[in-house]
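Residue numbers for the sequence shown follow the working numbering, beginning at 134 and rising by one.
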Amino acid sequence: MNFQFSEEQQLLADSVQRLLDEQYHFDARKKIIASDEGWSPSIYAKLSELGLTALPFAESLGGFGAGALDMIPVMQALGKGLLLEPLATTLAVPAALLAHYADSGQNALAQSLITSIIEGQARVAWAHEEAKSRWDLASIRSAASKDASGQWHIKGEKRVVLHATAAQWLIVSARTGGSGLDRKGISLFLVPSNAPGLQLKTYRTYDDQRAADLVFDLKLDATALLGQAGEALEAIEAACDWAQALLCAEALGVMDEANRLTLEYLKTRKQFGMPIGSFQSLQHRMVDMMMSAEQSRSITYLACDRVDAFRAGRVSANDRSRAVAMARVKVNEAARHIGQEAIQLHGGMGMTIEMKVSHSFKRLTAISQQFGDLDHQLSRLASL
């Protein structure tokens, strides 16, 4: 199987990398972290102008029809730059869900929202995780009911909604039927971020992203429902597998940058009159880090291929999820290995915020917790 990137894919990734190198260097990123917004609207706009916001949407929806494999070089570039902007979060679960419902003709609002996303005018956040859900996608307690006038009444809470304050829209899950861990009964709703009855408790995450916990008691009209009531879980699972494949690709970029910074440090830091990189024991540790990254790369390509194959109808949902779970297991292990080794080989200064490697370590640590930690992914793999 040929996993060589095409000339167009590589040119786009190079354009993204060049933009980030010139305008999103480490000092510029630190200023963005300290800003009130926690991200740069101007950088987001420039990435949108490069076409990134159109990538995952089908040509029939106004996009470029990129699959997960097509997205790998771009996601690696975003990972290397440690992007803080709400681009990856919009192109992950929200993009997959909106495309699914717009493609099937089940929601006109989804189609219009996709157009705004492609133009760089709209951002969407995914509000699904709840207290004590432990990454179980069926563990939803937020409730929704329909009144006599056709309006939806949605009430509940959500946790760790990434970039909620930067989004104009939220995709919120709630139960319209069933209880506990029932697969049936979960529905999805498009909620304006300024809707009356929506409260956000905002904070900065461990890796300097912005997130919020939501408390809501909302009244929404009938058009807010995505698809059929109570039938959303399979679409959610497919969207989350798509998002995790992209997350693995982003992690590759972070790992590559952590390895580059560490190797550069080993070549320049001197002890006993010679570079510490000349010590054989440290060379072996550096090689192990490189091998972890390459193993993660291989399994990520497989996961992205299976995600694309499922979309094309060539493999089952079980095959798709199994490949994604395998990739997450390896990537989570490699994220911990490379992150911790990079810090140790830098010595105490590797922990300081003045060193980019410390930010790479924090991002790798956060990635290893998104959508499920190592134990969760192992359990998921065993069940599949």
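Using N, Cα and C, we set each Cβ at its ideal position, and we do this for glycine too. Please read all numbers here as calculations on a predicted model, not as lab measurements.
- Contact between the region 470 to 485 and the region 238 to 250 is absent: fewer than three C-beta pairs spanning the two stretches fall below 8 Å.
- Secondary structure note for I273: it is in no alpha helix (DSSP H), with a DSSP letter that is neither H nor E.
- Going by C-alpha positions, S266 is about 12 Å away from E290.
- Counting along the chain, I319 sits inside no alpha helix (DSSP H); it lies in the beta strand (DSSP E) bounded by residues I319 to P325.
- Sorting S306, Y157, A199 and R461 by C-alpha distance to the C-alpha of R274 places S306 at the top.
- Y177: not part of any beta strand (DSSP E); member of the alpha helix (DSSP H) spanning P174 to E182, first to last residue.
- Looking at the backbone, the Cα of G318 and that of G212 are separated by about 36 Å.
- Here the C-alpha atom of D154 lies approximately 15 Å from the C-alpha atom of I165.
- Three or more beta-carbon pairs separated by less than 8 Å link the region 386 to 402 to the region 483 to 497, which places the two stretches in contact.
- The Cβ atoms of K163 and Y339 lie no closer than 8 Å to each other.
- R453 sits in a helix when the DSSP states are folded into three classes.
- For T223, the enclosing alpha helix (DSSP H) begins and ends at L220 to L224.
- In the DSSP assignment, L152 falls outside any beta strand (DSSP E) and within the unbroken alpha helix (DSSP H) covering E140 to Q156.
- For R447, the secondary structure class from DSSP, reduced to helix, strand or coil, is coil.
- Checking the DSSP bridge columns, you'll see F349 partnered with G289 and L331.
- Judged by DSSP secondary structure, A260 falls within the beta strand (DSSP E) whose first and last residues are V257 to A260.
- For M407, the secondary structure class from DSSP, reduced to helix, strand or coil, is strand.
- DSSP, read as helix, strand or coil, puts E252 in coil.
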